[in-house]
Amino acid sequence: MLKQPDLANLKKGDMVDHYLMIRKIEERSTKAGKAFLSLELGDKSSGINANVWNDTSGFEQLSRKVKTGDIVKVSGTIDEFQGSPQIKINSAELVGDTAGITASDFLSKSLHDPEAMENEFLTRIEQISNSNLKTLLKNIFSGEELEKFKMAPAGKSWHHAYLSGLIEHTLELIKICDLMCEFHKELNRDLLIAGAMLHDFGKTIELKYDSAFEYSDKGKLIGHIVICASIIEEETKKIPGFPEEIKNLLIHLILSHQGKLEYASPVVPKIPEAIALYQADELSAKVNAYLNTLKTEISGEGNWTKFIHLAQTDLYRQQGSSTNEDTVNKSLFD
């Protein structure tokens, strides 16, 4: 196992002598036309930017040999650029296969046990009363597809962006939606829970997660929402007599689960179950994203993070608050 201080625990002025994964690398230029190399480097705990301007570190020459997902040994210091932490690189070198360091050393993982989450998820499928929906779910979540669902992140960088984040996020939605059904007995529970289970299933295809989290070609071209809708369309054809209305309503939940056209939903929610799913998804995703940002964002001065573009605000760190892995339930439903 890789032994080095977590990036998230470093502060301005601290030395960096780390193995890090390249999460992003691209050539850019300033408004004045000055070229520079823009990087994001990361470990399990956090990611941090590094801009290479006047290259004395050797990174510019190295950049011709490396790609996203490669591992480099970096020496330098934690500095700031425009109020955000970054690494001032003194030297960098590509790490070869013989170093005994693998991509898994740099990928963050859910704090919950994947096997326990899988068992909980399969138990929830058994609680579906509608025989057609239960058969559909069992057919989709089986074999290799279930294994991919269990290991995939739910996002590239925002919410539940770690291995097994997708099944963790999905279980959160199931519990929130179940609670809504307790409040509102009129909701079609089987339909809503099936929609929660399937809403992000397309991310098993949209995202690549064997190294640095990236979008697949199919993910970029089609997106997880349409991918999942297509899977449901094909899988329901294999179930004799699957009701057309239930199929259409389920696909509607998938297509509308991001709530608004400007949020990439092809349609807006048009049934109560769809608006419940959208709001449950928002709650799970946003709370996780805020908590994870506070945990992984490298500290600057004071109690505030840098401005988080996806949140459209900076976030306040409450004094004395922390995330202790020992206090996290291994089962989301204990």
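Quick note: the sequence shown uses this note's numbering, first residue 86, plus one each step. Even for Gly, the Cβ is constructed at its ideal location relative to N, Cα and C. Remember, it's a predicted structure, so these values are computed and weren't measured experimentally.
For residue 101, the enclosing beta strand (DSSP E) starts and ends at 100-114. Approximately 6 angstroms separates the beta-carbon atoms of residue 292 and residue 237; this is inside 8 angstroms, confirming the contact. Annotated three-state conformation of residue 289 is helix, per DSSP.
Taking a C-beta distance under 9 angstroms as the contact criterion, residue 126 and residue 172 qualify as a contact pair.
In this model, residue 333 and residue 302 are separated by some 27 angstroms (Cα to Cα). By the Cβ criterion, the region 241-257 is in contact with the region 372-379, since at least three pairs of Cβ atoms, one from each stretch, lie closer than 8 angstroms. Counting of Cβ neighbours within 10 angstroms places residue 284 among the buried residues, the total reaching 16 or more. The secondary-structure analysis by DSSP pairs residue 300 across a beta bridge with 292. The shortest CA-to-CA distance from residue 178 to any of 392, 325 and 104 is the one to 104.
The continuous stretches of beta strand (DSSP E) do not include residue 364, which lies in the alpha helix (DSSP H) extending over residues 357-381.
Here residue 234 carries a helix assignment [DSSP, helix/strand/coil].
Here residue 286 is buried, its C-beta having at least 16 other C-beta atoms within 10 Å. Residue 234 and residue 282 have their C-alpha atoms spaced approximately 11 angstroms apart. Here the C-alpha atom of residue 277 lies approximately 13 angstroms from the C-alpha atom of residue 257. Distance from residue 194 to residue 248 at the Cβ level is roughly 4 angstroms; contact confirmed, criterion being Cβ atoms closer than 8 angstroms. Between the C-alpha atoms of residue 306 and residue 300 there is a straight-line separation of about 10 angstroms. Excluding five sequence positions before and after residue 94, the CB atoms of its chain that fall closer than 8 angstroms to its own CB belong to 130, given in chain order. Under DSSP, residue 325 forms no beta bridge with any residue.
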